[in-house]
Structure formats: structure tokens, C-alpha cells
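In the working numbering, the protein residues as written are 73 to 310. Working notes, structure below.
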């Protein structure tokens, strides 16, 4: 009986030691091996993505921006997948790698957007100069026509107003809005040029008639010795 009691006591000690060992192992697994969630890095990547959207990268660097969005979403999904596992089995290494990839793509999208905006601003500056030259040309043509032909001037005035608006928006770094104003200005200049061409064609279509009148007047002056007054309305000369 005594021997049986000693065996039971020895078995109990072994079980207690084993239970203690298992408890120590579990504590180690839950503390030492626990991989903390990269929550801060995840939030930073998402905020960086929003900054890129505000800077116009979703429009001016659409392809790269979409790739960045996908990688940041993948990182969030991977982090949540790991979060669903037991704490001692979680491994956020892959999540961190995806976050880094996504952040690099966001930075690339922002840089591409800046480059595109700068290129657009340069093109706009060139177009503003070209439209201003066209407006000046139309004004000169209108000044050579009699006042009753000046109805085309309203398009010139409107074009000048659009160009001024574009310059203001371009100064404010609102290049897309400036481009819209320039497109409207271009339309007004086209209308002005159309009207001026029509007016000139109408004005000059009577050229043969006027030349005949001029010749008749000069012939009359030579025959009679009378004084003839000739006025060149187009060139404002008499």
C-alpha cells in the first residue's frame, strides 16, 4: 500500500511539473513570439494615399494611383487575416512588406502627378501666348472695318476675359481649371475669326462693283474737270 501511495505521489509530481512546463511554454508563446500589429504603419499608408488623391494623383497619375490603392487595400486585408489567427501564430511580416510597396507606389503617383501638372502648366503658358496673339490679330482686322461690322468684337472681349481667368487660375496652381478656361477662350476666338472672315468676304465681294464705281468717278473727273473724292474705307484713307 505504501509503495502504491508513493507511485501516485510521484506521478502527481510529474504531472504538476509537466503542467508547469506547458504553462511556461504558453506564456512564452503568448509574449515572446507575439508579433505586434503594424497599425501605425497601416494608418500612415492610408493617410498618404488620401494626400495623393488630394494632390490630383487619381487623375494625373491614374494608373499608378490605382496600383497604390490596390496594394494598400491588400495590406489592410492581410493584416486583418493575421489578426484572426491566434496571437502567438500571427506574423505581420508580409503585411509590412505590402505596406512598403504600397507607400512606394503612392510616392511614385504623387511624383508623376507633379510632373504632369508642370507639363500641363507649360503647355497652358504657350497656348495663352498663342491665343493672345490671335486675339490681337482679330482686333486689328476689326479696326480696319467700319463700325457696323464690329459685332464680332463681343467674341474678342469674351476671349480676353477667358484668358485672364485662365492666367489667374494658373497662378493659383489650378491648372485643370485653367485648361477649361483656355478651351472656352479658344472657342470664342474661333467664333470671332469666323465672323471676321464672313464680314471680310462680304465686304470684299463688292470689290469689283467699287472698282467700277471708282473708275467711273475718275473718268467723270477727267472729262469734266470736277473734283472727285475717293475714300478707302478698309484702310481708312481718303
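Cβ atoms here follow ideal geometry from the backbone N, Cα and C, with glycine treated the same way.
Beta-carbon proximity check, residue 184 vs residue 235, cutoff 8 Å: Numbered from its first residue, the chain shown carries residue 184 at position 112. Numbered from its first residue, the chain shown carries residue 235 at position 163. No, they are not a contact pair.
DSSP-derived helix/strand/coil call for residue 155: Stepping through the chain shown from its first residue, residue 155 is reached at position 83. In the three-state reduction of the DSSP assignment, residue 155 falls in the helix class, which pools H, G and I.
Segment contact, 8 Å Cβ cut-off, at least three pairs: the region 190-209 with the region 157-172: no
For residue 246 and residue 104, the rounded distance between their alpha carbons: For the purposes of this step, residue 104 is taken as the residue at position 32 of the chain shown. For the purposes of this step, residue 246 is taken as the residue at position 174 of the chain shown. Residue confidence for residue 104 is low, a pLDDT of 49 falling below 50, so the modelled location carries little weight; the figure read from the coordinates is stated next. Their backbone Cα atoms lie some 53 Å apart in a straight line.
Alpha carbon of residue 172 to alpha carbon of residue 224, nearest angstrom: As a working mapping, residue 172 is identified with position 100 in the chain shown. As a working mapping, residue 224 is identified with position 152 in the chain shown. Taking the straight line from one Cα to the other gives about 59 Å.
Complete alpha helix (DSSP H) runs within the region 210-260 (minimum length 4 residues, chain order): Listed in chain order, the alpha helix (DSSP H) elements of length 4 or more contained wholly in the region 210-260 are 225-243.
Nearest-angstrom Cβ-Cβ length linking residue 118 and residue 164, presumed shorter than 8 Å: Here the question's residue 118 lines up with position 46 in the chain shown. Here the question's residue 164 lines up with position 92 in the chain shown. So it is not a contact: roughly 16 Å between Cβ atoms.
Through-space distance from residue 120 to residue 266, alpha-carbon basis: For this step, residue 266 is matched to residue 194 along the chain shown. For this step, residue 120 is matched to residue 48 along the chain shown. Cα to Cα, the separation comes out at about 50 Å.
The alpha helix (DSSP H) enclosing residue 163, as first and last residue numbers: The count along the chain shown starts at 1 and reaches residue 163 at position 91. Looking at the DSSP string, residue 163 is not in any alpha helix (DSSP H), and its letter there is neither H nor E.
Assigned secondary structure, residue 133 (DSSP; H/G/I helix, E/B strand, else coil): The residue given as residue 133 occupies position 61 in the chain shown. Reduced to three states, the DSSP call for residue 133 is coil.
Coarse secondary structure for residue 146, derived from DSSP in three states: Locating residue 146 in the chain shown gives position 74, counting from the first residue. DSSP places residue 146 within a helical segment (H, G or I) once states are collapsed to three.
Own chain partners of residue 136 with C-beta closer than 8 Å, once the 5 adjacent residues on each side are dropped: The residue you call residue 136 lines up with position 64 of the chain shown. If we look at residue 136 and ignore the five residues flanking it on each side, its Cβ neighbours are 129, 177, 180, 181, 184.
Burial state of residue 123 (16 or more Cβ within 10 Å): What you label residue 123 is simply residue 51 of the chain shown in a count that begins at 1. Exposed.
Three-way DSSP call (helix, strand, coil) for residue 128 in this model: Your numbering for residue 128 matches position 56 in the chain shown. Residue state, collapsed to three classes: coil.
Cα-Cα separation between residue 268 and residue 255, rounded to whole angstroms: What you label residue 268 is simply residue 196 of the chain shown in a count that begins at 1. What you label residue 255 is simply residue 183 of the chain shown in a count that begins at 1. Cα-Cα distance, rounded: 20 Å.
Residue from 192, 262, 153 with nearest C-alpha to residue 238: Here residue 238 is taken as the residue at index 166 of the chain shown, counted from 1. The shortest Cα separation from residue 238 among 192, 262, 153 belongs to 192.
Contact under 8 Å by Cβ, residue 131 with residue 210: Start at 1 with the first residue of the chain shown, and residue 131 comes out as number 59. Start at 1 with the first residue of the chain shown, and residue 210 comes out as number 138. No. Outside cutoff.
Assigned secondary structure, residue 267 (DSSP; H/G/I helix, E/B strand, else coil): Taking the first residue of the chain shown as position 1, residue 267 is located at position 195. In the structure shown, residue 267 sits in a helix (DSSP, three-state: H, G or I).
Residue 149 burial status per 10 Å Cβ neighbour count (16 or more: buried): Counted from its first residue, the chain shown places residue 149 at position 77. Under this definition residue 149 is an exposed residue.
Straight-line Cα distance separating residue 174 from residue 157: As a position in the chain shown, residue 157 is number 85, starting the count at 1. As a position in the chain shown, residue 174 is number 102, starting the count at 1. Each residue's alpha carbon lies about 24 Å from the other.
Burial state of residue 112, where buried means 16 or more other Cβ atoms lie within 10 Å: Residue 112 sits at position 40 when you count from the first residue of the chain shown. The residue is exposed, with fewer than 16 neighbouring Cβ atoms inside 10 Å.
CA-to-CA distance, residue 107 to residue 74, given in whole angstroms: In the chain shown, the residue the question calls residue 74 occupies position 2. In the chain shown, the residue the question calls residue 107 occupies position 35. Interpretation of residue 74 is limited by its pLDDT of 49, a score under 50 that renders its predicted location unreliable; the figure taken from the coordinates is listed afterwards. Their backbone Cα atoms lie some 51 Å apart in a straight line.
Within 8 Å, strictly: CB atoms of residue 231 and residue 189: By 1-based counting over the chain shown, the position of residue 231 is 159. By 1-based counting over the chain shown, the position of residue 189 is 117. No, these two residues do not count as a Cβ contact at 8 Å.
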